[in-house]
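Residue numbers (our numbering): 773 to 940. Below: the structure, in structure tokens.
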């Protein structure tokens, strides 16, 4: 699996990947998450221009997974990592996270952060296996607090969520 920077032509496909990946939530009683629309093309374009944005691509150079991140509290925050279900369980998500970790470490960034659902097997339990740890209240900086505030406003706290960190 090759990982490359996201290009402008990829953006609609990233939305398709997000929609397809979201359908797994329907199977565990989280239909609202499955029905949530992905980031707009304009929002994805902003991430592509301002921060790390990578796609894992197939042999035809078409994205099958992607990761976008942005600086938050002096770290790189994983805003989204999604793998199309047809390409899941092959280490693609972890490869994208490792690529981000290598990029961050090269730039002297101390950690990766993310927010996620605690009880979804491919969320917090998966990220624990990828080297992340759950942050206690003291470890959550103002930027992460703002992200959590927006998530609550969006209704995501209907299910337990947590902030996580992977030290580099």
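Where a beta carbon is used, it is the ideal one built from N, C-alpha and C, also for glycine.
- Terminal residues of the continuous beta strand (DSSP E) containing residue 884? 883 to 889
- Exposed or buried, which one is residue 895 when buried takes at least 16 other CB atoms within 10 Å? buried
- If you compare alpha carbons, which of 794, 912, 913, 832 is closest to residue 860? 794
- CB-CB under 6 angstroms to residue 931, same chain, minus the five flanking residues each way: which ones, in chain order? 889
- Query: Just reading off the beta strand (DSSP E) that residue 847 is part of, what are its end residues?
  - Reply: 847 to 855
- Task: Within the same chain, show all residues whose beta-carbon is closer than 6 angstroms to that of residue 787, passing over the 5 residues directly before and after it, in chain order.
- Result: 810
- Message: Closer than 8 angstroms is the cut-off here; do at least three beta carbon pairs connect the segment 815 to 825 with the segment 904 to 918?
- Response: no
- Query: Out of 928, 913, 886, 912, which has the shortest C-alpha to C-alpha gap to residue 900?
  - Reply: 886
- Tell me whether residue 893 is buried or exposed, calling it buried when 16 or more other Cβ atoms sit within 10 Å of its Cβ. exposed
- Please name the residue or residues paired with residue 912 in a DSSP beta bridge. Answer by DSSP bridge pairing: none, since residue 912 is not bridged.
- Message: With H, G and I counted as helix, E and B as strand and the rest as coil, what does DSSP make of residue 831?
- Response: coil
- Message: DSSP three-state label for residue 737, please.
- Response: Because the chain is modelled from 773 through 940, residue 737 falls outside the range shown and cannot be assessed.
- Please report how far the alpha carbon of residue 854 lies from the alpha carbon of residue 837, in whole angstroms. 5 angstroms
- With a 10 Å radius around its C-beta and 16 neighbouring C-beta atoms as the bar for buried, classify residue 865 as buried or exposed. buried
- Using the C-alpha atoms, what's the distance from residue 884 back to residue 781? 27 angstroms
- Task: Could you round the C-beta distance between residue 945 and residue 872 to whole angstroms and report it? I think they count as a contact, below 8 angstroms.
- Result: The structure shown does not extend to residue 945, since the chain spans only 773 to 940, so no value can be given for it.
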